[in-house]
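Contents: one structure, followed by commentary.
Residue numbers (the UniProt record's numbering): 1 to 126.
In structure tokens, the structure reads:
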């Protein structure tokens, strides 16, 4: 599978999707002008990945900030990974949040209430 490696900007997140190395990460800030256009390639990649996923997928979300439109796409991504779990593969979400950003922790907890995927919460303070 093709590797997706998108360098983030002030408005768009870093994205690494690499099946071979097992690296799956979205980090930084997500408030793209056209959220659907930005995430379309990412959602398509995840759809392709879901056809033949790794036995274990560890997906890292390290977002400092995301807007409402991005929150919907994050849920779409999580729902796609929930389907992978339903098909018998292991998925773990690593939800990173800054120690001063309780809102980001709460966002992760809200997502974990919606999808049937284990979440690990990881605090950082840099």
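Heads up, the beta-carbon is just placed ideally off N, CA and C, and yes, glycines get one too.
- If you keep only unbroken alpha helix (DSSP H) runs of at least 4 residues inside the stretch 50-126, you get 68-86 and 102-114.
- When DSSP states are grouped into helix, strand and coil, residue 15 belongs to the strand group.
- For residue 25, same chain residues with a beta-carbon under 6 Å away, outside a window of 5 residues either side, are 16 and 60 in chain order.
- Inter-residue distance for residue 112 and residue 52 is about 24 Å (C-alpha atoms, whole angstroms).
- Secondary structure note for residue 28: its beta strand (DSSP E) is the uninterrupted segment 23-30.
- Taking C-beta separations shorter than 6 Å and ignoring five residues to either side along the sequence, residue 76 has no partners in its chain.
- Within 10 angstroms of the beta-carbon of residue 1 lie fewer than 16 other beta-carbons, which makes it exposed.
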